[in-house]
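Numbering follows UniProt numbering, in which position 27 of the sequence shown is assigned residue number 27; successive positions increment by one, without gaps.
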Amino acid sequence: MAASSIQILDSIVDFTAKTEVDAITKSLLTSITELTPVSEVVLLDYCGDMQPAFTVLGTNDNSAFQQENIHQIDALLDECLATQAVTHHHTDDHVLVAVPIYYEKEDGVSGILCGRAKSLSKDQRALVAGLTRIYENYQQIIMASERDSFTSLFNRKVLSKKLDLICDRLAQSEVTPDSDTDSSLSPWVCIFDVDHFKQINDNFGHVFGDEVILLLASLMRQTFSSQDTLFRYGGDEFVVLFQPCTRAMAEQKANTFIANVNARDFGAAQTVTISMGATRIERGQLSTSTILGNADQALYHAKQNGRNHVAFYDDLLQSGVIKTFVAEDDVELF
């Protein structure tokens, strides 16, 4: 039976009444199964640089697609990614539909909604796509609230979410970690702050200090890859989440940024320096507090030992300079 205009309107009202991402996701899945013949639906987050590339964000049925031919699903997802358009495949007794989602990456697919139905007309596929677009647009509004209002970098709330998502990916991954950690590809967290920032504020004023913050945010965008995620944690503290790379690549990125900061003319202050602490995110190290705590320990060591350089947690741990960080629940790290 075709969905009525009132039903669709009620569904939109339900979407916009939610303020939490999980609640909006659940509302989308419920709306699709209530307003269309789709019986099984799953929302997937996509990150091509991670393994697995897809992570389940929500589903109306935990057993959805378990009986599906994996090759059929892979073919559907591959075509959706390649065409960046709504895709559908017919099988012997049902139809599969995939809708790309762009709520986070301007130039690529952020996720895919995948549905299964016994039959699905062109209009019904359009309704599935339309509901997904409403979800996408509303997610963009919510994501605007996840930006730091001063620098437009992501804020600390998003950092926790992204680290939780990476931990979930690693927990689901079936890839055996490379025994050679120097050459293996891993995500990295790098924390840095401005050396002697209080003195800068005291000597030149808070307006000048604000200009330093803005210039650093601009340098971050210029220096780091679009695949790396940039955060302002608060005050003069920033975080960079490196996409999977080797230790050498992570070190090169950090040192390049430090060099760019050193080369920048900061006006009255002339030279501004930063100290950085970095840690690898590994399978088995599945706690956001632990990850940030490790990077924070490395940052503290860098500031206590000359400043203006990056310290790596693994190096400090192996040399016995620091001990393994044990996180407490709800710890505040900065």
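We put the CB at the ideal spot given by N, CA and C, even for glycine.
Remember, it's a predicted structure, so these values are computed and weren't measured experimentally.
Item: Contact set for A302: own chain, Cβ-Cβ below 7 Å, skip 5 residues either direction; Value: S275, M276, G277, H309, V310, A311
Item: Three-pair Cβ contact test at 8 Å for the segment 241-249 versus the segment 191-207; Value: no
Item: Continuous beta strand (DSSP E) assignments of at least 3 residues falling wholly in the segment 84-142; Value: 87-90, 95-101, 111-117
Item: Limits of the alpha helix (DSSP H) - the one that D296 falls within; Value: 288-304
Item: Integer Cβ distance of V86 from Y46, believed to fall under 8 Å; Value: Between Y46 and V86 the Cβ distance is about 15 Å, and since that is not below 8 Å, they are no contact.
Item: With 16 other Cβ atoms within 10 Å as the buried cut-off, status of E34; Value: exposed
Item: Alpha helix (DSSP H) runs wholly inside the UniProt domain "GGDEF" (185-315), at least 4 long, in chain order; Value: 197-204, 206-223, 247-263, 288-304
Item: Separation of E146 from G111, as counted between CA atoms; Value: 18 Å
Item: Neighbourhood of A129 by C-beta distance below 8 Å, restricted to the same chain and skipping five residues each side; Value: V86, V99
Item: DSSP state of T30 mapped onto helix, strand, coil; Value: helix
Item: Close Cβ partners of P52 (< 7 Å) along its chain, the five nearest in sequence each way excluded; Value: R169, Q172, S173
Item: Secondary structure of D45, DSSP reduced to three states; Value: strand
Item: Supposed close pair A117, H94 - CB separation, criterion 8 Å; Value: 6 Å
Item: Where residue 371 falls: helix, strand or coil (DSSP); Value: Because the chain here runs from 1 to 334, residue 371 falls outside it and cannot be looked at.
Item: Identity of the residue in T288, I258, D210 nearest K157 by Cα; Value: T288
Item: Q304 classed as buried or exposed, judged by whether at least 16 other C-beta atoms fall within 10 angstroms; Value: exposed
Item: Q140 versus V194 - alpha carbon distance; Value: 31 Å
Item: Of the listed residues G306, A295, R307, nearest to T324 (C-alpha basis); Value: A295
Item: Opening and closing residue of the alpha helix (DSSP H) in which V158 lies; Value: 156-172
Item: Reference V212, options I142, A268, G306, closest by Cα; Value: A268
Item: Proximity below 8 Å, CB of residue 343 to CB of F154; Value: Within the shown structure, residues of the chain are numbered from 1 to 334, placing residue 343 beyond reach of any answer.
Item: Residue from E40, L57, S186, E237 with nearest C-alpha to S119; Value: E40
Item: Beta-carbon proximity check, G115 vs I32, cutoff 8 Å; Value: yes
Item: Any chain B beta carbon closer than 8 Å to A311; Value: Absent here is chain B; the protein component of the structure consists of one chain.
Item: For F192 and L299, believed in contact at Cβ under 8 Å, the rounded distance; Value: 7 Å
Item: Residue interval of the beta strand (DSSP E) (run including F54); Value: 54-59
Item: Backbone CA spacing between N260 and S319 [nearest angstrom]; Value: 29 Å
Item: Separation of D236 from T273, as counted between CA atoms; Value: 12 Å
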